[in-house]
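A short write-up of the structure that comes next.
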Amino acid sequence: MDFAPAAKGSLIKIMTGVARRVGLLHYHEEIFGYQADPAASAAFQLELGEFYKPLCTFMAPEFLITLGEQFKRMGKENPYDAVLPGGTPLSSRLRQELRSLYKKPRGFPNIIGAYESGLSTECLFSAEKGLDLFHDSEDLAVFEVVKPGTGQRAAFGERGELVVTNFFNHIAPFIRFGMEDVFENSFTTESCPYCGRTLKTWLKPISGRLKDIFNVKGKELMPWDVEVIIGDIPDTTLIYQLILDSWDMERLELKVETVRKLPDLQYQREIKATLESRLEIPVDVEVVSAGTVPMAPGGYKVIKVVDKRPKKTSL
Ligand SMILES: [Zn+2]
41 MDFAPAAKGS LIKIMTGVAR RVGLLHYHEE IFGYQADPAA SAAFQLELGE
91 FYKPLCTFMA PEFLITLGEQ FKRMGKENPY DAVLPGGTPL SSRLRQELRS
141 LYKKPRGFPN IIGAYESGLS TECLFSAEKG LDLFHDSEDL AVFEVVKPGT
191 GQRAAFGERG ELVVTNFFNH IAPFIRFGME DVFENSFTTE SCPYCGRTLK
241 TWLKPISGRL KDIFNVKGKE LMPWDVEVII GDIPDTTLIY QLILDSWDME
291 RLELKVETVR KLPDLQYQRE IKATLESRLE IPVDVEVVSA GTVPMAPGGY
341 KVIKVVDKRP KKTSL
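Sequence positions in the sequence shown follow our numbering and run 41 to 355.
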């Protein structure tokens, strides 16, 4: 846990990944004698917290925000010394929201990785400066960015698929295993100017899923491109949903959540204008109330993309 602001020996509660989450719910039922419902409730988290006393938790950022708001409404202090947001990229607005809801952690290092891949973790020292540098755990895995379908490394600054070679998986080796995630090749081997680590560093580790790339009037975009703009719009909850219905759409259709009282047509027009001018594509936006966009089955990630496009095997 060198990267995370948690003490050695701290108990960590992991709420990402269906298998881990189901395991946690199972233990909850065994110990407390009833099924937790809903799992994302602050009451459930507090109950677990009082029993196990975990000092650190690892969850998707949207889930952490929902939970933090519930703690606030209940007048309870969040029970964690350290909070690790993972599973999806963390925008600067999400980080600000986390900072306002969780007072105890000294930082919120975002984590990239999957069960197959090992981890790359945000440098807390760079995050304090408003930058998002990530360090690879090179003793555990090697990350590369390649052109999809070719295995050829993408040039510096190019987007491509993340492939991983994993050194510690005891079940099966993963050698240049395609993660189906899109990243920009922004690796540097220079030592980190903020913490001094000499591990391989990512300068721009913001990603999307390969399957979520979409085209509007010939322009290739990722959900992240939309998310950063939504993060700049006041009174959004940062939760949104893109509706993709063709491989080359004439306009982008999406829902954006707000905390404002609806309907508010002027606000809707402002959001549409902001998205259209920054993305340089036509946009149809529906502004919806907070809590309207559904969570994925398992309830630990929001459904950010509804993909109605005909099936396609490769890009
Ligand atoms: Zn660093």
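Don't be surprised by glycine CBs; every beta carbon is placed ideally from N, CA and C.
Task: Range of the contiguous alpha helix (DSSP H) that encloses V266 - done: Numbered from its first residue, the sequence shown carries residue 266 at position 226. Counting along the chain, the alpha helix (DSSP H) containing V266 begins and ends at 263-272.
TODO: Would you check whether ligand 1 has a heavy atom nearer than 7 Å to the C-beta of F165?
DONE: Sequence index remark: in the sequence shown, residue 165 carries index 125 (1-based). F165: yes, Cβ under 7 Å from ligand 1.
Open item on the list: By DSSP's criteria, E201 is part of a beta bridge. Which residues make up the other side?
Closed with: Walking along the sequence shown from the start, residue 201 turns up at place 161. Partner(s): V186, V222.
Open item on the list: Between the alpha carbons of L180 and T128, how many angstroms are there, rounded?
Closed with: Translated into the one-based positions of the sequence shown, residue 180 becomes position 140. Translated into the one-based positions of the sequence shown, residue 128 becomes position 88. Spanning the two alpha carbons is a distance of roughly 21 Å.
Task: Nearest-angstrom Cα separation, counted from V346 out to E25 - done: The question about residue 25 has no answer here: the residues shown for the chain are numbered 41 through 355.
Task: Host beta strand (DSSP E) of L104 (start-end) - done: For this step, residue 104 is matched to residue 64 along the sequence shown. Counted as a single uninterrupted DSSP element, the stretch harbouring L104 is not any beta strand (DSSP E) but the alpha helix (DSSP H) occupying residues 101-113.
Open item on the list: Measuring only from the beta carbon, is L171 closer than 7 Å to any heavy atom that is part of ligand 1?
Closed with: Here residue 171 is taken as the residue at index 131 of the sequence shown, counted from 1. With a threshold of 7 Å, the Cβ atom of L171 does not count as near ligand 1, since no heavy atom of the ligand is closer than that.
Task: Opening and closing residue of the alpha helix (DSSP H) in which I311 lies - done: Along the sequence shown, one-based indexing puts residue 311 at 271. Where I311 is concerned, the enclosing alpha helix (DSSP H) stretches over 305-319.
TODO: Could you tell me whether any non-hydrogen atom of ligand 1 is closer than 7 Å to the CB of R237?
DONE: Counting from one through the sequence shown, the residue named residue 237 turns up at place 197. Inclusion of R237 in the 7 Å shell around ligand 1 follows from its C-beta lying nearer than that to a non-hydrogen atom of the ligand.
- [ ] Work out the CA separation of G258 and P119 for me, nearest whole Å.
- [x] Your numbering for residue 119 matches position 79 in the sequence shown. Your numbering for residue 258 matches position 218 in the sequence shown. P119 and G258 have their C-alpha atoms roughly 48 Å apart.
- [ ] Between the Cα of T228 and those of A330, R237, W242, spot the shortest distance and give me the residue it belongs to.
- [x] As a first step, residue 228 must be located in the sequence shown, where it is residue number 188. Ranking A330, R237, W242 by CA distance to the CA of T228 puts W242 first.
Task: CB of I363 within 8 Å of CB of V328, strictly - done: The structure shown has nothing for residue 363, since the chain only spans 41 to 355.
Task: Per-residue DSSP class, three states only, for S131 - done: The residue given as residue 131 occupies position 91 in the sequence shown. Under the three-state reduction of DSSP output, S131 falls in the coil class, being neither helix nor strand.
Task: Neighbourhood of I253 by C-beta distance below 8 Å, restricted to the same chain and skipping five residues each side - done: Position 213 of the sequence shown, counted from the first residue, corresponds to residue 253. Excluding residues within five positions, the ones whose Cβ falls inside 8 Å are V222, E260, L261, M262, L355.
Open item on the list: For a test of the three-state rule: what should DSSP assign to Q136, helix, strand or coil?
Closed with: Within the sequence shown, residue 136 is the residue found at index 96, counting from 1. In this structure, DSSP gives Q136 a helical state, which the three-state scheme calls helix.
Task: F254 - containing beta strand (DSSP E), residue span - done: Working through the sequence shown from its first residue, we reach residue 254 at position 214. That run of the beta strand (DSSP E) goes 254-256.
TODO: Determine the extent of the beta strand (DSSP E) in which F174 is found, giving its start and end residues.
DONE: Residue numbering aside, residue 174 sits at position 134 when the sequence shown is read from its first letter. Run containing F174: 174-176, per the beta strand (DSSP E) assignment.
Task: Near ligand 1: Y234 beta-carbon under 7 Å from a heavy atom - done: In the sequence shown, the residue the question calls residue 234 occupies position 194. Y234: yes, Cβ under 7 Å from ligand 1.
Task: N-terminal and C-terminal residue of the beta strand (DSSP E) that L278 is part of - done: Walking along the sequence shown from the start, residue 278 turns up at place 238. Run containing L278: 276-284, per the beta strand (DSSP E) assignment.
Task: Nearest to R113 (by Cα), restricted to the options R300, L141, R133, M289 - done: Looking up residue 113 in the sequence shown gives position 73. The shortest Cα separation from R113 among R300, L141, R133, M289 belongs to L141.
Open item on the list: Is H175 near ligand 1 - that is, is its Cβ less than 7 Å away from at least one heavy atom of it?
Closed with: For the purposes of this step, residue 175 is taken as the residue at position 135 of the sequence shown. For H175, the Cβ falls inside the 7 Å cut-off from some heavy atom of ligand 1.
- [ ] Would you mind working out which of G236, E267, L284 sits nearest K251, comparing C-alpha positions?
- [x] Counting from 1 along the sequence shown, the entry for residue 251 is found at position 211. When only C-alpha atoms are compared, the closest one is L284.
- [ ] Grab the span of the beta strand (DSSP E) containing S231 for me, first residue to last.
- [x] Locating residue 231 in the sequence shown gives position 191, counting from the first residue. Annotation: S231 is outside any beta strand (DSSP E) and is labelled neither H nor E by DSSP.
Task: Nearest candidate by alpha-carbon position, reference L95, set P303, T277, E117, V296 - done: In the sequence shown, counting from the first residue as 1, residue 95 sits at position 55. Per the Cα distances, E117.
Open item on the list: With a threshold of 6 Å on Cβ separation, who are the neighbours of T238 within its own chain once the five nearest residues in sequence on each side are excluded?
Closed with: As a working mapping, residue 238 is identified with position 198 in the sequence shown. Answer for T238: S231, listed in chain order.
Open item on the list: Can you tell me whether Y280 is buried or exposed? The criterion is at least 16 other CB atoms within 10 Å of its CB, across all chains shown.
Closed with: In the sequence shown, the residue the question calls residue 280 occupies position 240. Classification of Y280: buried, given that the 10 Å Cβ count is 16 or more.
Task: Alpha-carbon to alpha-carbon, L278 and C235 - done: Against the sequence shown, residue 235 aligns to sequence position 195. Against the sequence shown, residue 278 aligns to sequence position 238. Here the alpha carbon of C235 sits roughly 30 Å from the alpha carbon of L278.
Task: Among K312, N209, I152, the one whose alpha carbon lies nearest that of D176 - done: The residue given as residue 176 occupies position 136 in the sequence shown. Per the C-alpha coordinates, the member of K312, N209, I152 positioned closest to D176 is I152.
Open item on the list: Going by the DSSP bridge assignment, what does F214 pair with across the sheet?
Closed with: Here residue 214 refers to the residue found at position 174 of the sequence shown. According to DSSP, F214 bridges with N206.
Task: Close beta carbons around G248, own chain, < 6 Å, minus the five adjacent residues each side - done: Indexing the sequence shown from 1 puts residue 248 at position 208. Excluding its 5 nearest sequence neighbours in each direction, G248 has C-beta neighbours in its own chain below 6 Å: V222, M262, P263, W264, listed in chain order.
Task: I270 versus L202: straight-line alpha-carbon distance, rounded - done: For the purposes of this step, residue 270 is taken as residue 230 along the sequence shown, with counting starting at 1. For the purposes of this step, residue 202 is taken as residue 162 along the sequence shown, with counting starting at 1. Whole-angstrom Cα-Cα distance: 26 Å.
Task: DSSP three-state assignment for L40, whether helix, strand or coil - done: Because the chain spans 41 through 355 in this model, residue 40 falls outside it and cannot be assessed.
Open item on the list: Classify V299: buried if its beta carbon has 16 or more other beta carbons within 10 angstroms, exposed otherwise.
Closed with: The count along the sequence shown starts at 1 and reaches residue 299 at position 259. Looking at its Cβ environment, which holds fewer than 16 other Cβ atoms inside 10 Å, V299 is exposed.
Open item on the list: Suppose the cutoff is 7 Å on Cβ atoms and the five residues either side in sequence are ignored; what does the same chain contact list for R349 look like?
Closed with: Here the question's residue 349 lines up with position 309 in the sequence shown. When the five nearest sequence neighbours on each side are left out, the beta carbons in the same chain lying within less than 7 Å of the beta carbon of R349 are those of L284, D285, S286, W287, in order along the chain.
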